[in-house]
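*Asks:*
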Amino acid sequence: MPGESTSHVIGSPRRLAAILAADIAGYSRLMGFDEEGTLARLKRHRREMIEPTINEHFGRVIKTTGDGFLAMFDSPLEAVRCAIVIQQSMAARNTSLPQEQWIRYRIGVNLGDVIVDPDDIYGDGVNIAARLENMADPGGVYISGGVYEQIKNKLVCGYQSLGDEKLKNITDPVRIYRVLPDPSAVSRASHAKAKWNWTAAGFVGLMAVAGGGWYAFLTQRPAGAPEAALSPAASVPAQAATAQPQQNATRQATANPPGLPPPPPTLSGELPIPIPEASPAPTAPSSNTQVAAVPPPQSLSKAVEFGTGLRDCQGCPELVRLPGGSFRMGSTEDPSESPAHLVRVKPFALGRYPVTVGEWNQCVAANACASLLDGSSMAPARNLSWADAQQYVAWLSKSTGQDYRLPSEAEWEYAARAGTGGRYWWGDKIVPKMANCKGCGEPYDPRQPALVGSFPANPLGLYDLAGGVAQWVADCWHPNYQGAPADGSAWTEENCRERVLRGSSWRNDASYARSASRAYYDSGVRYPAHGFRVARSL
C-alpha cells in the first residue's frame with residue numbers, strides 16, 4: 315500500500331488534487347506462490363497498462379511501492395475513469411490465468427488539499443486516498459464524498475453510498491462510495507437496507523449482493539449499503555484533440571503489400587468474391603445536415619452481387635455485401651481464442667469503415683444518440699459504450715426500414731480474415747503501413763486514431779479491421795469458445811454485463827491487431843479507444 319504521508323512539509327506548495335492510491339490484494343500470497351512470475355507480471359502490467367493509462371487520463375505517477383502506486387490528477391473525473399480502466403484491463407488479463415494467480419488491485423480516490431514536493435506528495439488528501447484503497451474490494455474502486463460530488467452526473471455508472479466512516483488519524487468522518495459501473499448492481503444495492511457494518515462486511519456481502527460488481531472474477535462482496543444512486547447517462551467528453559490532416563493511403567483492394575503473395579480468390583471453397591472497385595472514403599455531411607434523408611427501402615435482387623457496396627440513405631454508413639462461407643475461427647495464441655473451430659456464416663453486409671464522427675453526430679442531431687463528438691467528421695467515432703452503439707443501430711434501423719445491428723463476433727472475424735488463414739489478412743508478420751497500431755509505421759499519432767480509410771483495404775474491400783478503434787460486436791464475453799455457436803450467430807445470454815471488442819486500437823501494438831485477437835469491456839462504460847461498425851442481414 316502506498317505509504318501514509320505527513321501533514322506538513324515546510325516550503326512546499328499546496329494545491330487541490332485528485333489522488334489515486336492502489337495496491338494489490340493478497341500480494342504476499344502471490345509472491346509466496348510464484349515470486350519471480352508475480353514480479354515479472356507486475357512490472358509488465360505497470361509498463362504496458364498502468365503507466366500508459368494514467369498518462370492517457372492526464373495524471374502522473376508520483377511513486378511506486380512493492381505492490382502499489384500513488385498517482386495525482388488535476389481532474390477527479392479523469393482519476394475515476396483511469397481507475398475503472400485499470401480494473402477492467404486487469405480483469406481481462408486475469409481471464410487466461412488460474413484464479414490463484416490473479417492480480418487484483420484495490421483502488422481509492424480522494425479529492426483534497428496536498429503538499430507537493432518534486433518527488434512526493436503529502437497531507438490528509440493522500441492519507442484519505444490510502445485509507446479508501448485499504449477498504450476497497452479486490453478489483454474495486456472506493457471514492458470519497460468530495461470526488462462523488464464532482465463526478466456524480468458525468469459518468470455512466472452507479473455509486474453505492476457506504477455512509478460516513480471514521481478513518482484512522484483523520485479528524486472528521488469521511489463519506490465513502492463504491493463505484494458501480496454495472497447498473498444492475500445498483501438495483502440490487504438499493505434494496506439492501508442494513509446499516510454498513512465493517513465487522514460483518516465479508517459474510518453479509520456475499521449473501522446480499524452476490525453476483526454484483528464489475529467482473530466475473532470478483533468473488534467477495536461487502537455488505538449492502540443504505541442507499542445507491544445511478545447517475546444519468548451524461549455525456550463523457552471525448553479526449554480527442556482536433557484531428558490532424560492526414561493523406562489517405564491507396565485504396566485499391568487489389569493492391570498487395572510488397573513481397574506478399576496475392577490473397578486467395580475464394581473463402582473456404584464458397585462463393586467467389588469479386589474484388590471491388592476502389593471506393594472513396596465517406597464524405598463529410600454538409601453543415602446543415604441534421605438527419606439522414608431516407609429513400610424508400612430498396613429490395614435486393616435475388617442475384618446479389620457480392621463484394622459491391624450499398625448505402626441505404628444519404629449519410630448512412632456504406633456497407634459491403636459479403637457472401638456466406640465457412641472458416642476456422644480462433645487460434646492457439648491465447649486461451650481466450652481457443653479452441654479454434656469451424657463456423658459457417660450466412661451472407662450479410664458489413665460497414666466498409668467504422669462509423670465516423672460525422673455519421674454518429676447525425677444520430678445526435680436527431681436526438682436519438684447522446685454525446686456529440688468532436689474532431690474531424692472523417693475520424694472514427696470513439697469514446698462510445700456498447701449501449702451507445704445500440705442507440706445508433708436502433709436509430710439507423712428506424713430511419714431506413716432495414717434491420718441494422720452490430721456484427722456477431724464470428725461475422726467480424728470472418729470479414730477481418732477475408733478468406734486468409736494468417737495472423738493478419740496480409741500474412742503472419744506485421745508489415746509497415748498496413749494497420750493503425752503502435753509500432754506499425756506511419757502515419758501514427760499516439761493521441762488519436764488515423765482517419766478512416768488511411769490504410770489499405772483487405773481483399774473484401776473493408777478498411778480498418780486491424781487497429782484504429784477497438785470495435786464492439788453483439789456477443790457477450792465468454793473466456794473461450796467452448797460451446798460457441800457454429801452458425802455465425804451472436805453468442806448472447808440474459809443479463810449480459812460484458813461485451814466483446816474486436817480489432818484492437820491504435821494504442822495497442824501489432825499483437826493485439828491479429829484477426830483472432832479479442833477483448834471485452836463493461837457494456838455501459840465509455841472508453842476513448844472504443845468504437846464500432848454496423849452490419850445488417852441480406
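Following the working numbering, the numbering of the sequence shown begins with 315 at its first residue and continues without gaps. Positions of the beta carbon are idealized from the N, C-alpha and C atoms, including for glycine.
Do S722 and G802 have their C-beta atoms within less than 8 Å of each other?
*Replies:* Numbered from 1 along the sequence shown, position 408 holds the residue referred to as residue 722. Numbered from 1 along the sequence shown, position 488 holds the residue referred to as residue 802. Cβ atoms of S722 and G802: closer than 8 Å.
*Asks:* By Cβ distance, which residues of its chain are closer than 6 Å to R418, with the 5 residues on each side in sequence left out?
*Replies:* Within the sequence shown, numbered from 1, the residue matching residue 418 stands at position 104. The answer, listed in chain order, is A339, P452 and G453.
*Asks:* Please state the DSSP three-state secondary structure of L710.
*Replies:* Counting from one through the sequence shown, the residue named residue 710 turns up at place 396. Here L710 sits in helix by DSSP.
*Asks:* Assuming G733 and Q785 make a contact with CB atoms under 8 Å, what is their CB distance in whole Å?
*Replies:* On the sequence shown, residue 733 is found 419 positions in, with the first residue counted as 1. On the sequence shown, residue 785 is found 471 positions in, with the first residue counted as 1. Their Cβ separation, rounded to whole angstroms, is 20 Å, which puts G733 and Q785 out of contact at 8 Å.
*Asks:* Thinking C-alpha only, which one of Y473, Y491, Y758 and K468 is nearest E479?
*Replies:* Translated into positions along the sequence shown, residue 479 becomes position 165. Comparing Cα-Cα distances from E479 to each of Y473, Y491, Y758 and K468, the minimum goes to Y491.
*Asks:* Specify, as a first and last residue, the run of the alpha helix (DSSP H) that L446 falls within.
*Replies:* The residue labelled residue 446 in the question sits at position 132 within the sequence shown. From DSSP, the alpha helix (DSSP H) with L446 extends over D438 to M449.
*Asks:* Note down the Cα distance separating R847 from A680, rounded to an integer number of angstroms.
*Replies:* For the purposes of this step, residue 847 is identified with residue 533 of the sequence shown, where counting begins at 1. For the purposes of this step, residue 680 is identified with residue 366 of the sequence shown, where counting begins at 1. Their Cα atoms are separated by approximately 19 Å.
*Asks:* For Y854, which of K466, K468, A331 and T352 has the nearest alpha-carbon?
*Replies:* Since the displayed the chain opens at 315 and closes at 852, residue 854 lies outside it and no answer follows.
*Asks:* Can you confirm whether Y341, when its beta carbon is compared against all beta carbons of chain D, has any partner nearer than 8 Å?
*Replies:* Although the question refers to chain D, the structure presented lacks it and comprises just one protein chain.
*Asks:* Alpha helix (DSSP H) containing L391: first to last residue?
*Replies:* Working through the sequence shown from its first residue, we reach residue 391 at position 77. Here the alpha helix (DSSP H) through L391 covers P390 to N408.
*Asks:* Could you give the distance in angstroms between the alpha-carbon of Y758 and the alpha-carbon of V787?
*Replies:* The residue you call residue 758 lines up with position 444 of the sequence shown. The residue you call residue 787 lines up with position 473 of the sequence shown. Approximately 25 Å between the Cα atoms of the pair.
*Asks:* Output the distance between the C-alpha atoms of M764 and R696, rounded to the nearest integer angstrom.
*Replies:* Against the sequence shown, residue 764 aligns to sequence position 450. Against the sequence shown, residue 696 aligns to sequence position 382. Here residue 764 turns out to be Ala, not Met, going by the sequence shown. Cα to Cα, A764 sits roughly 12 Å from R696.
*Asks:* Please list the terminal residues of the continuous beta strand (DSSP E) segment that includes Q331.
*Replies:* Your numbering for residue 331 matches position 17 in the sequence shown. One point to set straight first is that residue 331 is Ala, not Gln, in the sequence displayed. From DSSP, the beta strand (DSSP E) with A331 extends over R328 to I338.
*Asks:* What residues in its chain sit with their C-beta under 7 Å from that of N822, if we drop five residues either side in the sequence?
*Replies:* For the purposes of this step, residue 822 is taken as residue 508 along the sequence shown, with counting starting at 1. Around N822: C751 and K752.
*Asks:* My output table needs one value for Y738: the three-state DSSP class, helix, strand or coil.
*Replies:* As a first step, residue 738 must be located in the sequence shown, where it is residue number 424. Strand at Y738.
*Asks:* Please state whether DSSP places A693 in a helix, a strand or coil.
*Replies:* Looking up residue 693 in the sequence shown gives position 379. Here A693 sits in coil by DSSP.
*Asks:* How would you call Q676, buried or exposed, if buried means at least 16 neighbouring beta carbons within 10 angstroms?
*Replies:* In the sequence shown, counting from the first residue as 1, residue 676 sits at position 362. With 16 or more other Cβ atoms within 10 Å, it is buried.
*Asks:* If we call anything under 8 Å between Cβ atoms a contact, is L636 one with P661?
*Replies:* Here residue 636 refers to the residue found at position 322 of the sequence shown. Here residue 661 refers to the residue found at position 347 of the sequence shown. Taking 8 Å as the Cβ cut-off, L636 and P661 qualify as a contacting pair.
*Asks:* Is the Cβ-Cβ distance between G782 and W820 less than 8 Å?
*Replies:* Start at 1 with the first residue of the sequence shown, and residue 782 comes out as number 468. Start at 1 with the first residue of the sequence shown, and residue 820 comes out as number 506. For G782 and W820, yes; Cβs fall inside 8 Å.
*Asks:* Of all the alpha helix (DSSP H) runs that stay within the bounds of the region 620-701, which reach a length of 4 or more residues?
*Replies:* The region 620-701 contains these whole alpha helix (DSSP H) runs: 671-679.
*Asks:* Taking E673 as the reference, which of L664, L686 and R445 has the closest Cα?
*Replies:* Locating residue 673 in the sequence shown gives position 359, where the first residue counts as 1. The shortest Cα separation from E673 among L664, L686 and R445 belongs to L686.
*Asks:* For P746, is the classification buried or exposed, using 16 other Cβ atoms within 10 angstroms of its Cβ as the cut-off for buried?
*Replies:* Position 432 of the sequence shown, counted from the first residue, corresponds to residue 746. Exposed, by the Cβ-count rule.
*Asks:* Counting Cβ pairs, one atom from each stretch, are 3 or more of them under 8 Å apart for the region 383-401 and the region 348-358?
*Replies:* Counting Cβ pairs under 8 Å, fewer than three are found: no touch.
*Asks:* Leaving out five residues on either side along the sequence, give the residues of the same chain with a beta carbon under 7 Å from the beta carbon of S410.
*Replies:* The residue you call residue 410 lines up with position 96 of the sequence shown. The answer, listed in chain order, is D648, P649 and S650.
*Asks:* Could you check the C-alpha separation between D337 and Q464 for me, to the nearest Å?
*Replies:* Along the sequence shown, read from residue 1 onward, the residue named residue 337 stands at position 23. Along the sequence shown, read from residue 1 onward, the residue named residue 464 stands at position 150. When rounded, the distance between both Cα atoms is 24 Å.
*Asks:* Please identify the residue among S831, A729 and A703 whose C-alpha is closest to the C-alpha of Y718.
*Replies:* Here residue 718 is taken as the residue at index 404 of the sequence shown, counted from 1. Nearest C-alpha to Y718: A703.
*Asks:* Ignore the nearest five residues each way along the sequence and tell me which others in W791's own chain have a CB closer than 7 Å to its CB.
*Replies:* Here residue 791 refers to the residue found at position 477 of the sequence shown. Cβ within range, chain order: E812, R813, V814 and Y834.
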